[in-house]
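Structure first, then comments.
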Amino acid sequence: MKHYTSIQDIKNLDELVQEAIELKKAPFEHKHLGENKTLGMIFYNPSLRTRLSTQRAGFNLGMNVIVMNIGSDGWALEFEDGAVMNEGKAEHIKEAAEVISQYCDIIAIRTFPELKDRELDYSEPVISAFKKYATKPIVSMESATGHPLQALADLITIEEHKIVAKPKVVLTWAPHPRTLPQAVPNSFVEYMKNSNKVDLVVTCPEGYELNPEVMEGVTVEHNQQKAFEGADFIYAKNWSSYENYGQAGDVDYSWIVDEAKMKNTNNGKFMHCLPVRRNVVVADDVMDNKERNITIAEANNRTYSAQVVLKNILENS
Amino acid sequence: MKHYTSIQDIKNLDELVQEAIELKKAPFEHKHLGENKTLGMIFYNPSLRTRLSTQRAGFNLGMNVIVMNIGSDGWALEFEDGAVMNEGKAEHIKEAAEVISQYCDIIAIRTFPELKDRELDYSEPVISAFKKYATKPIVSMESATGHPLQALADLITIEEHKIVAKPKVVLTWAPHPRTLPQAVPNSFVEYMKNSNKVDLVVTCPEGYELNPEVMEGVTVEHNQQKAFEGADFIYAKNWSSYENYGQAGDVDYSWIVDEAKMKNTNNGKFMHCLPVRRNVVVADDVMDNKERNITIAEANNRTYSAQVVLKNILENS
Amino acid sequence: MKHYTSIQDIKNLDELVQEAIELKKAPFEHKHLGENKTLGMIFYNPSLRTRLSTQRAGFNLGMNVIVMNIGSDGWALEFEDGAVMNEGKAEHIKEAAEVISQYCDIIAIRTFPELKDRELDYSEPVISAFKKYATKPIVSMESATGHPLQALADLITIEEHKIVAKPKVVLTWAPHPRTLPQAVPNSFVEYMKNSNKVDLVVTCPEGYELNPEVMEGVTVEHNQQKAFEGADFIYAKNWSSYENYGQAGDVDYSWIVDEAKMKNTNNGKFMHCLPVRRNVVVADDVMDNKERNITIAEANNRTYSAQVVLKNILENS
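As structure tokens, then:
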């Protein structure tokens, strides 16, 4: 593996999931791989799970870890080619990316979309520029439109918790007071449809269909109740409209996932990438039901999705 | 030791002090204990001594350390049960605490009181919630109403510097321009009265008596000069009123500790948890007197109080 | 080496450069030196190269590293002797420096000038106070008026890239929209004139002459074109006026370094400490010319300038 910024970087998805599950049994066995290597983690945005789990993954592999908050620890970067830099931005990404490459053996980046200009966000300006100008492997710790470490952790979690060979996995849109990115659902759909081990259905209100390119070949069911029938896993997540990009819109709070709805599933497990707003996205009766709620196991797998990715990159470099 | 959030977590206080003094002689001897273990340090509030000494303690034990500023690195947490989370708070402590437990082997937390609602502060909402929902040991790096790592360092320092078998230790209220927590004096009183090796007297202006529960069995002397007579150790600290909780009140600047007052002691040593405001809490003539001022040795012991605590937790887990 | 805050701390500059070049060939060979040692990095100001390269240098030497942003992680420090600290500043440098010395084996500090009072800035209040009150070695990661780690990296870079025995090195003032410190050019001049291996010329508009003490014995040429003739290395950097200290002044944008000017050199290499404002300080046609632009190699040498300094300090302590 050279970079890890999308599913395209994975040779065989289901094999990578198995490798992560193996790794989990003996997480410190590959510490020689990371010896004298430094993982640089660059944050444009706040983070809890990603910040902690990726550091942990680096430690488990024997790496040194440097964490840097661009903006507060450093300064704003210029991305435009040919810019006359006589205003707020002190450094061009061309230099920044190549310079960071001098000190770090792997560069992990967290950035969010601006949710104003769809084309701009989907061009992934930050991650693309780092891939273009850095001379070291780049790992996405969530980008403008994808969250591949989360989706990999999700698939690991489903593999570990499934009780039928090919479970029905339902991604359901859920209400939220803020306008959120499409990164998590985009990657979730991509990973589920590229695995041979799950059947995916997406349910959302009309007008909240995801990027058609991502959704190609995926079943959409606008009736949430119907979608839930027979589901083995319910994955809840809010996202803002792809069609009316960046617009807030009315939030339909009836799309909350609660125990009444979960009862229609096949004894379904509840998943969410977290952080989750209780009693908005999902009701307490689901979250506090230890049989249903596997979000903590899912969060735990963030360490191993990061670790299997870092391991593959280290082995390749 | 399972957690370390108050004196209740210690089996035998005077033995723990001796263990810390032993540890100090060979601080790197227990590095196997921390191998492959991660200490997560969560800060709600700024910190210098605690931030540095606790990291150092973790390193001395061979641990990896992750430091996270909640608020700037992450986001605000919801603590209320059953809350409909459709406003500013993005994650419930129930999830946050359990998720952090997935990545860290010990979780250390720093938080301050709001100093508005006494009952709320004394219920220790942050530390209690972490203890309730985390699945890993919790260490207080100062909470709303206690600072057990500081008090342990204080007792180690007294044990090292005493010249009589059972020294007279005086905790004196001192002036300060801001309204400060009661955490340090609360823990200081608890640790001193639970040690068999010191005699404690507390002196403060009327109206500044500490929590009666904490003070049970402790001598209070409102005349500062009288209290200082024959003292072997003077521990200065400002705290705001427990009675008129959260109220600023007039500050009596005559309570400053200066060399004239120190002359009334039994060649007493001066202690303070630091940071200290010179010429407000204590005069330069005391601070610059290298015979009297043992605050640096006291600060140094913050490493070993943290280290002996982490060591006991690691041995138990 | 005891401290490293200026060229005065170096016994033999050209030998230190050779030692750094040797170190670079086997950067992990001295990890025993840093075992159980902690490098504390204290930032008053944002930083990217310094933050990353100095951490990397510490890791390469087997050190543990603590990074702390004074101000956001901690609080403002008082520097005035005898101050009555009843306002914004919570801790005196006397305590802070000695306390940090309890937890760190080497203390590295980054601070900037205020650019208001020349005498104050040139007295180096922060670095001087740390040297006075700390009990551990102090390393400057850029101070008010000097940047000795950068200058050492610059000399290493010139030594590696020179094609004549004694190259002509030209430091040129360059335009910039903000009022910048003199730290980088001051140290650059000091290191170049103290090396036996380069010939230095400084070129700048009238009124932008550097500190006369620093410039003693150095050739100044106000005609930029003339200065560039036959140059082997062009080092561009903006600085604000020493004479009209702290004043913004009109910026002469014609001083930009571009390919047309570089053509007058002896196939000269382009250097800059970075971050650099493209098309203000230097044109894209220079920056994107991989033959000319050696700023990335220069940035890479920041690791080894820091590492050779830390190594010498560790060997001495």
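Protein chains in written order, with the numbering used here: chain A, 1 to 317; chain B, 1001 to 1317; chain C, 2001 to 2317.
Where a beta carbon is used, it is the ideal one built from N, C-alpha and C, also for glycine.
Given the structure is predicted, the values throughout are model-derived calculations rather than measurements.
Have a look at residue i and residue j and give me their C-alpha separation to the nearest angstrom.
i: Thr2054/C; j: Arg2302/C; result: 8 Å
i: Lys1166/B; j: Tyr1208/B; result: 27 Å
i: Pro125/A; j: Ala2134/C; result: 45 Å
i: Ile1109/B; j: Glu2315/C; result: 36 Å
i: Ile296/A; j: Glu1098/B; result: 7 Å
i: Ser2072/C; j: Arg1049/B; result: 14 Å
i: Ile1070/B; j: Val1164/B; result: 45 Å
i: Ala2153/C; j: Val2286/C; result: 21 Å
i: Ile106/A; j: Asp2081/C; result: 46 Å
i: Gly2230/C; j: Val2169/C; result: 9 Å
i: Arg292/A; j: Leu77/A; result: 44 Å
i: Cys2204/C; j: Gly2074/C; result: 40 Å
i: Ser1047/B; j: Tyr4/A; result: 36 Å
i: Met1041/B; j: Met41/A; result: 18 Å
i: Tyr2235/C; j: Glu2213/C; result: 20 Å
i: Ala2299/C; j: Ala299/A; result: 37 Å
For residue i, is the classification buried or exposed, using 16 other Cβ atoms within 10 angstroms of its Cβ as the cut-off for buried?
i: His2032/C; result: exposed
i: Ile1010/B; result: buried
i: Gly2217/C; result: exposed
i: Ala1283/B; result: buried
i: Ala1088/B; result: First, the amino acid is wrong: residue 1088/B is Gly here, not Ala. The residue in question, Gly1088/B, is exposed, as its Cβ has fewer than 16 Cβ neighbours within 10 Å.
i: Gln1018/B; result: exposed
i: Lys1261/B; result: buried
i: Lys2311/C; result: buried
i: Ser1254/B; result: exposed
i: Phe2028/C; result: exposed
i: Gln1008/B; result: exposed
i: Glu2206/C; result: exposed
i: Leu171/A; result: buried
i: Lys1094/B; result: buried
i: Ala1096/B; result: buried
Just to confirm my understanding: we take residue i, look at its own chain, exclude 5 residues before and 5 after, and list those with CB closer than 8 Å. What are they?
i: Ala1248/B; result: Thr1179, Ser1240
i: Ala2020/C; result: Leu2152, Ile2156, Asn2301, Tyr2304, Ser2305, Gln2307, Val2308
i: Thr1111/B; result: Tyr1044, Asn1045, Val1126, Ile1127, Glu1142, Ser1143, Ala1144
i: Val2189/C; result: Leu2171, Leu2200, Val2202, Leu2210, Val2214, Met2215, Val2218
Kindly list the residues whose CB is nearer than 6 Å to the CB of residue i, restricted to its own chain and excluding five residues on each side of it in sequence; keep chain order.
i: Glu22/A; result: none
i: Pro1275/B; result: none
i: Tyr245/A; result: Arg118
i: Asn2064/C; result: Thr2038
i: Thr2219/C; result: Val2201
i: Lys2024/C; result: Tyr2304
i: Val251/A; result: Pro175
i: His161/A; result: Lys269, Ile294
i: Glu1035/B; result: Gly1062
i: Ala1057/B; result: Thr1303, Ala1306, Gln1307, Leu1310
i: Ser2101/C; result: Ala2134, Thr2135, Lys2136
Whose C-beta lies closer than 7 Å to the C-beta of residue i among residues of the same chain, with five residues either side of it excluded?
i: Asp14/A; result: Ser195, Asn196, Lys197
i: Asn2238/C; result: Trp2173, Ala2174, Pro2175, His2176, Leu2180, Val2281
i: Tyr242/A; result: Gln182, Glu209, Leu210, Asn211
i: Val1184/B; result: His1147, Gln1150, Lys1237, Cys1273
i: Asn2264/C; result: Gln2225, Phe2228, Glu2229
i: Ile1158/B; result: Pro1167, Val1169, Val1198, Phe1233
The stretch 1098-1115 of chain B: which residues have C-beta closer than 9 Å to a C-beta of chain A, in chain order? Glu1098, Val1099, Ile1100, Ser1101, Gln1102, Tyr1103, Cys1104
Can you pull out the residues from the stretch 1265-1285 of chain B whose beta carbon lies closer than 8 Å to at least one beta carbon of chain C? Leu1274, Pro1275, Val1276, Arg1277, Arg1278, Asn1279, Val1280, Asp1284
Chain C contacts made by the stretch 51-70 of chain A, where a contact means CB separation under 7 Å: Asn64, Ile66, Met68
Entirely enclosed beta strand (DSSP E) segments - the stretch 169-235 of chain A, minimum 3 residues: 199-203
Taking a Cβ distance cut-off of 8 Å, strictly less, list which residues of the stretch 2025-2042 of chain C are near chain B, in chain order. Asn2036, Thr2038, Gly2040
Which complete beta strand (DSSP E) runs does the stretch 1048-1092 of chain B hold, if anything under 3 residues is left out? 1064-1069
Could you pull out every unbroken beta strand (DSSP E) segment of at least 3 residues lying fully inside the stretch 1108-1148 of chain B, listed in chain order? 1138-1140
Could you name the residues of the stretch 1297-1316 of chain B whose beta carbon sits closer than 7 Å to any beta carbon of chain C, in the order they occur along the chain? Ala1299, Asn1300, Thr1303
What residues in the stretch 236-250 of chain A have a beta carbon less than 9 Å from any beta carbon of chain B? none
Chain C contacts made by the stretch 1149-1169 of chain B, where a contact means CB separation under 9 Å: none
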